[in-house]
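*Asks:* Once you've had a glance at the structure underneath, I'll fire off some questions.
Numbering (our numbering), first residue to last: 67 to 230.
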């Protein structure tokens, strides 16, 4: 199994998204340089993607599709990938790394790495793809500043414009 197929398999296992959604993401937004993963032979154990967006005139990396295979959880794989994503985002000159934690437990997890805030998020994409939860009211963005950036006011809405 090639890496793209292994990513699709883990995505399906972790998120339960439709094959159509996964295919659209892989065809339109996945590129090898946007994917970070830990693999063992032909299996992806843990993964995430860093997608390029613009937020208030500043380039940001959106950490998306963070997942670890069920039986591999608790081994620190996701933490290693988040630390690597922070390093990669700095190297690529992003002003911030952002993510939308799926729940409060994950929000607290990301706070350990320095992510802050809980901002309602609107995505501007070139097609109908929604890289959030599908509900803009529950898309609550956390931000890790990497360079000089002014954080939005608490409770404000943030627009992420595709910059790929």
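Glycine included, every Cβ here is placed at the ideal spot set by N, Cα and C. What you are looking at is a predicted structure, and each value in this text was computed from that prediction instead of being measured.
#1: For residue 90, list the residues DSSP reports as bridge partners.
#2: Out of 197, 104, 139 and 189, state which residue places its alpha-carbon closest to the alpha-carbon of residue 151.
#3: Would you call residue 14 buried or exposed, if buried means 16 or more other Cβ atoms sit within 10 Å of its Cβ?
#4: What are the uninterrupted segments assigned as beta strand (DSSP E) that are 3 or more residues long and contained completely in the segment 161 to 225, given in chain order?
#5: Bridge partners of residue 106, per DSSP?
#6: Kindly indicate which residue of 202, 154, 162 and 209 has the alpha-carbon position closest to the one of residue 184.
#7: Does the segment 129 to 136 touch the segment 107 to 115, meaning 3 or more C-beta pairs lie closer than 8 Å?
#8: My guess is that residue 211 and residue 162 are in contact by the Cβ rule of under 8 Å, so how many angstroms apart are they, rounded?
#9: Can you tell which of 122, 126, 79 and 195 has the C-alpha that lies nearest to the C-alpha of residue 94?
#10: By the DSSP assignment, the beta strand (DSSP E) with residue 125 in it spans what residues?
#11: On the premise that residue 198 lies in contact with residue 118, defined as a C-beta separation below 8 Å, what is that separation, rounded to the nearest angstrom?
#12: Could you tell me how far apart the beta carbons of residue 226 and residue 189 are, in whole angstroms, since I believe they sit closer than 8 Å?
#13: Measuring only the C-alpha atoms, how far is residue 124 from residue 92?
*Replies:* If we stick to the structure as given:
#1: Answer by DSSP bridge pairing: none, since residue 90 is not bridged.
#2: 104
#3: Outside the displayed range of the chain (67 to 230) lies residue 14, so it cannot be described from this structure.
#4: 162 to 165, 182 to 190 and 206 to 211
#5: 109
#6: 209
#7: yes
#8: 5 Å
#9: 195
#10: 124 to 134
#11: No, residue 118 and residue 198 are not in contact; Cβ-Cβ is about 16 Å, not under 8 Å.
#12: 5 Å
#13: 25 Å
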